[in-house]
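Notes follow once the structure below has been shown.
Residue numbers (this note's numbering), protein chains in the order written: chain A, 3 to 450; chain B, 185 to 629.
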């Protein structure tokens, strides 16, 4: 018997703020978190702006053992532990110091499934290793010299903490989770995939509760370099605040963000038994691969459509037919909507392919227009936005839509948040994440 | 009715080369593949030996039309592509990669989960670009690294190839495999150190069980044999020192072990729903009967908080018990164990504590198949090799060279290969960051 899975806690560390209520208010106010890079001197970079998390202090979110576990890791580990602390506290399963509350499952029945990304390289050590051991004549690194320099200047902790399973171990340790523990790295799809697979672990009965989500920061020189070389990011250096333009005809790439989103998932049965209020249900999860190219999405959008269809099927929703009371089949799609030429038109194609005539009735927006692309954290942060839409009856907008792209002819909630409270609120939301290499993941979130 | 999952193909890439045959012969003989490192000049490192995949080129293991993609592949991706090709062939599956014939399964019914590690950027490639931005001080200048001339950039970053980032994304192992074989079903890339491979195989089996796919290519592959990854193993204290003319050996479960030796490779395994496999006449190696996972609370280096002694191995033991329960199997029914057996004192002590909790006094009588002493410490690939060894033992009803654990920690008794009645085999591993996972394999008849 498949168990139903609900969300009982949520946490956000985003460029628009490190709290659910605060960042949500700013999303509904159409605010942009994008500005000049401050982390490193990147003014000569083709993209010299990003959506940074400002004024972050883990101690604002965690204390005691949870703070100690979170504080020794890389930046995204801190983000993850802070988001997890918010989620755990809201769920009532534990406290911000990492201690377990009455009614929480035993430690081996609580797992963690993250889509945490890698930490940034130890740049000072690169000066000693890569720069100083280059043999200009041979045009190659002097390997023995490199090994000796590395042994002297690289540090175990700094290297190990770049590994995403160090983030995983720290989040688990911070909150005493000893159940199934996994971290996926499926690029931009990781955060939502982690939540989808974590829900499956509970549905099957392998755990009673899971901390799940994503965390990542690529706002460092080589992280930015990678995407600049791929020409995937916007280069609107003069107007960073309007650079992220999903679904707009003039869009020229995504804008880098960073942060974390973590939810507490729990079997409905367990939540009810302890009298916890479910925030929403994970009603469906779908994953697929384009199996096409490592660089490009398949132009027909079959893979993304398949991931969405799998999620809807699990939730018992028929995509091309109206929902109850002639509502759209889903009330909202939180799009992957990166703002690259390719993604937004192919995502549109995929949505139309799946929903047919219903597609034009579904509001679709990209919060990346405001907080940038949080890479491995994006999907988790966006799933939480869906829960907020369900809880508040508001849909966040896509900002910077000035010239709607005919190739993205969806209802993209341009520029202003939409109030659905008088229209029956928001009952079902689909969130999409697509990663490099053709990874497609969708989750259907439903009001309980 | 629970859908059952069988292993029908083993794609192994190891120090014995590509393919399951040489791997199994090597394990039977107990022949180590740990040799002086040839992939790079290791003379500056304390540890100078590793189990390298010999004479390997990914191009030999992919369809002709795909060979140009090698330039955007890290070694890990090349090894994964070779392992997948070998596994698909071993299973007798027809995929998109075949020159003729209808694929055995529609693409949407085939998933792919390949556990991986962080892939380090090639030092030569990155250093070659970085030095072009050096100022008079010889230090890296991000200003010159950037390419906007009017802001003062020289564009040194343009010395990196445009697809530089893609070469190092860990999900590229699975992505290349999905593209070559047309796997359009659920796909994932799990990173969890040594546990990644077995966690991926577990997830693949769950995906088949819940009817999201009928077959998956699942496993783990990694190569730490590059400068950056290799120094990280040193810094972590995992590697034993060696001199060039040594013939080093690895001693699992020895409290005084000076460390282990690195390896590379792993396995991509074909999992299929049992009914579909039997309908096409496939003969399974083994059935994947049960699966469990957990997380040890570890004293991460910089945390400075060692785990309380009484807690060591507790979560790992719970994961093993979860796998046994999932398999409806008693600890008494386990006929052999294929553990992590890393040869690193702290990891091994944790593993031994977990195994003692589950098997108590019987532990000393259960044959232990240890792959790291022969095929090196293969990180994310390690548990791929482990499950391959367990599946082979079950199919052939034969133990390869193995060990028996005596009463004291140094009481390891090496045993030669022999026939054995094997019904249930436990495969288990715990990463150095505490992620632990166990699977129970059963004789498939």
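Glycine included, every Cβ here is placed at the ideal spot set by N, Cα and C.
Give the single residue among the options whose Cα lies nearest to the Cα of residue i.
i	options	result
residue 434 of chain A	A:394, A:308, A:329, A:328	A:308
residue 232 of chain A	A:292, A:256, A:215, A:239	A:256
residue 415 of chain A	A:368, A:442, A:394, A:319	A:368
residue 253 of chain B	B:198, B:348, B:286	B:348
residue 392 of chain B	B:344, B:602, B:187	B:187
residue 431 of chain B	B:234, B:258, B:185	B:234
residue 236 of chain B	B:495, B:211, B:220, B:325	B:220
residue 18 of chain A	A:5, A:41, A:46, A:52	A:52
residue 206 of chain A	A:84, A:111, A:105	A:111
residue 634 of chain B	B:586, B:231, B:466	As displayed, chain B neither begins before 185 nor continues past 629, which places residue 634 of chain B out of reach and without an answer.
residue 557 of chain B	B:435, B:396, B:245, B:354	B:435
residue 59 of chain A	A:39, A:80, A:42, A:43	A:80
Span of the alpha helix (DSSP H) holding residue i?
i	result
residue 579 of chain B	566-580
residue 608 of chain B	No alpha helix (DSSP H) contains residue 608 of chain B, which is instead part of the beta strand (DSSP E) from 608-614.
residue 261 of chain B	259-275
residue 126 of chain A	125-128
residue 378 of chain A	Here residue 378 of chain A belongs to no alpha helix (DSSP H), and DSSP marks it neither H nor E.
residue 350 of chain A	343-357
residue 434 of chain B	Segment: none, residue 434 of chain B is in no alpha helix (DSSP H) and carries neither H nor E.
residue 360 of chain B	356-365
For the beta strand (DSSP E) that residue i lies in, which residues bound it at each end?
i	result
residue 557 of chain B	That residue, residue 557 of chain B, is in no beta strand (DSSP E); its alpha helix (DSSP H) goes 556-559.
residue 620 of chain B	619-627
residue 117 of chain A	112-118
residue 233 of chain B	233-235
residue 319 of chain A	Where residue 319 of chain A is concerned, there is no enclosing beta strand (DSSP E), given that its DSSP letter is neither H nor E.
residue 216 of chain A	211-219
residue 184 of chain A	183-185
Sort out for me which residues DSSP pairs residue i with in a bridge.
i	result
residue 287 of chain A	A:445
residue 321 of chain B	Paired residues: none, contrary to the question.
residue 453 of chain B	B:194, B:402
residue 430 of chain A	A:448
residue 36 of chain A	In the DSSP output, where bridge partners are listed per residue, residue 36 of chain A has none listed.
residue 51 of chain A	A:38
So, helix, strand or coil for residue i, using DSSP?
i	result
residue 271 of chain A	helix
residue 93 of chain A	helix
residue 333 of chain A	coil
residue 301 of chain B	coil
residue 487 of chain B	Since pLDDT at residue 487 of chain B reaches only 46, below the 50 mark, its modelled position is unreliable, and the value read off the structure follows with that caveat. Looking at residue 487 of chain B - three-state DSSP - the assignment turns out to be helix.
residue 316 of chain B	helix
residue 190 of chain A	helix
residue 603 of chain B	strand
residue 256 of chain A	strand
residue 76 of chain A	coil
residue 397 of chain A	strand
residue 163 of chain A	coil
residue 343 of chain B	helix
residue 478 of chain B	strand
residue 394 of chain B	coil
residue 420 of chain A	strand
residue 221 of chain B	coil
residue 143 of chain A	strand
residue 173 of chain A	helix
residue 520 of chain B	strand
residue 23 of chain A	helix
residue 62 of chain A	helix
residue 227 of chain B	coil
Residue i versus chain C: which residues are under 7 Å apart at the beta carbon?
i	result
residue 150 of chain A	Absent from the structure is chain C; the protein chains it does hold are A and B.
Taking contact to mean at least 3 C-beta pairs separated by less than 8 Å, is the region 247-265 of chain A in contact with the region 213-221 of chain A? yes
Please confirm if the region 298-305 of chain A is in contact with the region 343-351 of chain A, defined as three or more CB-CB distances below 8 Å between the two stretches. yes
| said: Three or more C-beta pairs under 8 Å: does that hold for the region 416-434 of chain A against the region 159-170 of chain A? | reply: no
Would the region 375-382 of chain B count as touching the region 246-265 of chain B if we require 3 or more Cβ pairs under 8 Å? no
task = Assess, as a yes-or-no matter, whether the region 400-415 of chain A is touched by the region 277-285 of chain A under the definition of 3 or more beta carbon pairs within less than 8 Å.
result = no
So, does the region 355-367 of chain B touch the region 328-345 of chain B, judging by three or more C-beta pairs under 8 Å? no
At least three beta-carbon pairs within less than 8 Å, the region 394-413 of chain B to the region 432-449 of chain B: yes
- [ ] Evaluate the contact criterion for the region 470-481 of chain B versus the region 617-626 of chain B: three or more CB pairs, one atom per stretch, below 8 Å.
- [x] yes
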